[in-house]
Amino acid sequence: MSRVLVTGGAGFLGSHLCERLLERGHEVVAMDNQVSGRTENLDQIFYHDAFTYYEHDVTKFIHISGELDWVVHLASLASPTFYRANPIKTLKVGALGTHKTLGLAKEKGASYLFTSTSEVYGDPEVNPQPEDYWGNVNSYGPRACYDESKRYGESLVRAYRDEHDLDVRVARIFNTYGPRMRTDDGRVIPTFVRQALSGEPLTVHGDGEQTRSFCYVSDLIDGLLALKQSEVQTPVNLGNTDERTILDLAETIIEVTGSENGITHEARPPQDPSVRRPDLEKARSELGWEPTVSLRDGLERTIEHFESVV
Ligand code: UDP
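In our numbering, the protein residues as written are 32 to 341.
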């Protein structure tokens with residue numbers, strides 16, 4: 032049994048990961064400062080014997096007593112709504128938070144998993160995006176606080192690997208959805224589902240011809256665990272290759288929910304990427320992993336969850 036620290040443990044992905052690690056017999060220490068994470072996400076495991084929770088900001092010095100085998104750094108303000116409202120916090124968690132958690136892993140002799148993002152590719156000029164595409168990112172743009180903090184985080188992980196021989200993994204996570212996303216998260220699936228369930232029209236940004244590829248949360252967690260178990264020290268894309276236009280997504284959600292409120296068009300946020308789809312060849316060949324949940328099934332499970340909270 033190994034002991035794993037999960038930063039951002041009370042968040043959407045963090046809470047699902049903590050649960051799965053406990054199921055697999057690991058001891059889990061979760062850390063979160065609850066800026067976007069919520070402890071309700073941990074209700075089912077809070078009193079598990081192998082689970083501990085610390086309320087702590089990972090940009091400050093981290094003390095953990097006892098041994099640690101893994102540090103998984105998930106803490107992040109990943110939603111455009113949240114990072115636009117907290118650009119400095121977003122930069123700090125990607126830079127200082129990554130530095131503190133790397134330092135902790137080095138001190139404990141632990142392995143380290145960094146969760147990066149498809150946003151390192153910016154508004155991509157190639158589609159799908161393979162890991163060796165360097166990206167098209169504006170360092171002074173409206174999404175810079177998130178994109179650049181993750182790019183810096185990747186570089187810092189690389190430096191700890193080179194200079195301190197730290198055992199590292201880097202996941203580039205593409206759009207992921209599922210139960211426990213916040214209804215006020217601002218991202219497209221929770222927003223559309225909330226709107227469909229509460230009698231509002233779905234707010235499609237622009238003409239809705241921009242694309243995203245959506246991965247269901249259980250697939251993503253399987254991918255993270257496969258990466259952790261591998262020996263791949265370089266970035267690996269995790270996501271789903273089923274690329275859809277936002278308009279198509281809206282129509283699917285309307286169909287599944289039976290919503291009769293239709294669609295309304297709003298202005299598209301500045302520098303919103305036009306396309307996004309992972310090239311999963313590396314994940315398939317090196318991790319033996321690929322997603323299995325269809326958009327329709329994943330949406331049904333997500334809608335069921337939202338029906339109990341909206
Ligand atoms: N989007 C939309 N309506 C909304 C929220 C988002 O049309 O109410 C669009 C957004 O402009 C983008 C896509 O959906 O083109 C995905 O946005 P999201 O914030 O979910 O994620 P990201 O842009 O980070 O991929």
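Glycine included, C-beta positions come from ideal geometry on N, C-alpha and C.
- Sequence-distant Cβ neighbours of Ile93 in its own chain, meaning closer than 6 Å and more than five residues away, are Lys131 and Leu135.
- Only residues of its own chain outside the window of five on either side were considered, and among them Cys246, Asp250 and Asn271 have a CB closer than 6 Å to the CB of Pro322, listed in chain order.
- For Val151, same chain residues with a beta-carbon under 6 Å away, outside a window of 5 residues either side, are Gly166, Lys181 and Arg182 in chain order.
- Listed in chain order, the beta strand (DSSP E) runs fully inside the region 263-292 are 266-269 and 274-276, counting runs of at least 3 residues.
- Short note on His296: C-beta not closer than 6 Å to any heavy atom of the ligand UDP.
- The nearest non-hydrogen atom of the ligand UDP is 6 Å or more from the C-beta of Asp154.
- When distances are taken from the beta-carbon of His236 to the heavy atoms of the ligand UDP, the shortest one is below 6 Å.
- In this structure, Thr207 sits near Val248, with a CB-CB distance shorter than 7 Å.
- Only buried fits Lys120, as 16 or more other CB atoms lie within 10 angstroms of its CB.
- A straight line joining the alpha-carbon of Tyr78 with that of Asp198 spans about 31 Å.
- Per DSSP, Thr70 lies in no beta strand (DSSP E) segment and is marked neither H nor E.
- With a cut-off of 8 Å on Cβ pairs, the region 276-294 is not in contact with the region 306-321, counting fewer than three such pairs.
- The Cβ atoms of Ala281 and Val235 lie closer than 7 Å to each other.
- For Lys259, the closest alpha carbon among the candidates Thr333, Arg200 and Tyr177 is that of Arg200.
- At a threshold of 6 Å, Asn72 does not count as near the ligand UDP, since its beta carbon sits no closer than that to any of the ligand's heavy atoms.
- Using a 10 angstroms sphere on the CB of Gly56, the tally of other CB atoms stays under 16, which defines it as exposed.
- Between Cys176 and Tyr114 a beta carbon distance of about 6 Å is seen, short of the 8 Å cut, so the two are scored as contacting.
- Ala190 is classed as exposed because its beta carbon has fewer than 16 other beta carbons within 10 Å across all chains shown.
- One alpha carbon belongs to Gly153, the other to Glu98, and they sit about 38 Å apart.
- Contact between the region 139-146 and the region 298-308 is absent: fewer than 3 CB-CB pairs across the two stretches fall below 8 Å.
- The ligand UDP never approaches Val224 closely enough for any of its heavy atoms to be under 6 Å from the residue's Cβ.
- Remark: the C-beta of Asp279 is outside contact range of the ligand UDP, defined as less than 6 Å to any heavy atom.
- Separation of Val263 and Ile294 (C-alpha to C-alpha, rounded to the nearest whole angstrom) is 43 Å.
- Not one heavy atom of the ligand UDP falls within 6 Å of the beta-carbon of Asn167.
- In this structure His104 is in contact with Leu144, their Cβ atoms being roughly 7 Å apart against a cut-off of 8 Å.
- DSSP lists Leu36 and Thr83 as the bridge partner or partners of Val60.
- Here Glu335 carries a helix assignment [DSSP, helix/strand/coil].
- Shortest Cα-Cα distance from Val102 to any of Pro155, Gly39 and Thr112 involves Gly39.
- Judged by DSSP secondary structure, Ala175 falls within the alpha helix (DSSP H) whose first and last residues are Ala175 to His195.
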